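In the working numbering, the protein residues as written are 5 to 350. For each residue, glycine too, the CB sits at the ideal point set by N, CA and C. This structure is a prediction, so every number in the text was calculated from the model and none was measured. This report refers to the structure that appears directly beneath it.
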């Protein structure tokens, strides 16, 4: 086959681009992908600590079997307290699943409408959030609103605001990221507004509504709305690469839960038992059935794997600035699921 000069140039460019990309991929990620897969989840969790994670807990709920917990590393690095499967963990954006369920329940009860706009519910935000009259409740739940993400504010995590109003102020008077419904971009501002809307409709905090409608019916006694509700000694230590001290006392506004409580909720979400009649259909039309969470000192992944009818929740108490630890946690999670699939096949 004759290769033209243009084709040759294109192939050289592609080769150089591929080689350059491989050169800049952290080799720790490559290693995590390529090393032989252990036979057991416990071996994989122990191996994970070799990647400079301080502590890790994995919860596995396989249908028809008792749930299992796997731990390695530290709950408290300084005092050498081993990772505790019953420790509370900051679940960060996994909380969006709870907010979405709460929203579906209110829509089903005709207390909210997915087709009403931000302007309908918060007329005071017209002129402060671009396209407020075109952004529907549905678009906010789905991260398709185009509302800027307040946590993208430079140096946000150095000194996060304390109140919802202060957080929202960071996203006001900014140009839209895109026209409503035309694209997708994850934005914490969407869920800040949803939480405020739930409060506005029910007359009390969205956390209390979630407790009444989700936590209590499911018997989830180890899920909390904020750090102020718990004994700090029950919280798994949180560590940021390059920072020596434990940052678990830093309040970033996250919900907290044990891995078991997250797993029970996720099972109920996927099998539909968290819903009343009509609610699951609404939920399925607006949001996902799995989630991750990332906040300084904590990262988590919670998913249901239908092919093996298994819930897997993984939490790690170490994060970094460049995001490699997040990528690494995803690789480790995928390896754990592969181990479980291998065991299922055998």
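Other residues of its chain near residue 91: CB distance less than 8 Å, five sequence neighbours each side excluded: Leaving aside the five residues that flank residue 91 on each side, the residues in its chain whose CB is nearer than 8 Å to its CB run, in chain order, 61, 79, 238, 239, 240 and 262.
Proximity test, residue 116 beta-carbon vs the ligand HEM heavy atom, cut-off 7 Å: Ligands displayed in this structure: none; no statement on the ligand HEM is therefore possible.
Beta-carbon contacts of residue 171 that lie in its chain and below 7 Å, excluding the five residues immediately before and after: Within the same chain, Cβ atoms closer than 7 Å to the Cβ of residue 171 are found at 154, 165 and 196, the five residues on either side in sequence being excluded.
Reduced DSSP secondary structure (H/G/I, E/B, other) of residue 94: strand
Helix, strand or coil at residue 26 according to DSSP, with G and I counted as helix: Below a pLDDT of 50, predicted positions are generally treated as unreliable, and residue 26, at 40, falls in that range; the measurement from the model is reported next regardless. Here residue 26 sits in helix by DSSP.
Simplified DSSP assignment, three categories, for residue 221: helix
DSSP state of residue 62 mapped onto helix, strand, coil: strand
Range covered by the beta strand (DSSP E) that runs through residue 77: 72 to 80
Sub-8 Å separation of residue 59 and residue 36 beta-carbons: no
Every unbroken alpha helix (DSSP H) inside the region 170 to 251 [4 residues or more]: 192 to 206 and 210 to 214
Secondary structure of residue 260, DSSP reduced to three states: In this structure, residue 260 counts as strand in the three-state DSSP scheme.
Reference residue 146, options 123, 156 and 118, closest by Cα: 118
Per-residue burial, residue 336 [other beta carbons within 10 Å of its own, 16 or more giving buried]: buried
Proximity of residue 151 and residue 107 at Cβ, strictly below 8 Å: no
Residue 167, enclosing beta strand (DSSP E) - first and last residue: It is not in any beta strand (DSSP E) - residue 167 carries neither H nor E in the DSSP assignment.
Cα-Cα separation, residue 160 to residue 177: 17 Å
Counted within 10 angstroms of its Cβ, other Cβ atoms place residue 190 as buried (16 or more) or exposed: exposed
Terminal residues of the alpha helix (DSSP H) in which residue 103 lies: Counting along the chain, residue 103 sits inside the alpha helix (DSSP H) bounded by residues 99 to 112.
Cβ distance (whole Å) where residue 50 is taken to contact residue 67 below 8 Å: Residue 50 to residue 67, Cβ: 26 Å. No contact.
CB contact flag (residue 65, residue 314, <8 Å): The Cβ-Cβ distance between residue 65 and residue 314 falls below 8 Å.
Beta-carbon separation (whole angstroms), residue 343 vs residue 41, contact threshold 8 Å: 6 Å
Residue 299: first and last residue of the uninterrupted beta strand (DSSP E) it sits in: 295 to 299
Option nearest residue 48 by Cα separation, candidates 333, 221 and 203: 333
Whether residue 121 touches residue 140 by CB criterion (8 Å): yes
Cβ-Cβ distance between residue 322 and residue 298 below 8 Å: The answer is no: Cβ separation not under 8 Å.
Check whether residue 267 and residue 89 have beta carbons under 8 Å apart: no
Residue span of the beta strand (DSSP E) that contains residue 306, given as start and end: 302 to 309
Distance between beta carbons of residue 74 and residue 111, contact taken as under 8 Å: Incorrect: roughly 38 Å between the Cβ atoms, too far for contact.
DSSP state of residue 5 mapped onto helix, strand, coil: Because residue 5 sits at a pLDDT of 37, beneath the cut-off of 50, its placement in the model cannot be relied upon, and the point is left open.
Residue-chain proximity (residue 41, chain C), Cβ-Cβ < 8 Å: No chain C is part of this structure, which consists of one protein chain only.
CA-to-CA distance, residue 349 to residue 101, given in whole angstroms: 31 Å
Residues sharing a beta bridge with residue 290, DSSP: In the DSSP output, where bridge partners are listed per residue, residue 290 has none listed.
Residue 34 - containing alpha helix (DSSP H), residue span: 31 to 38
Residue 319, enclosing beta strand (DSSP E) - first and last residue: 314 to 320
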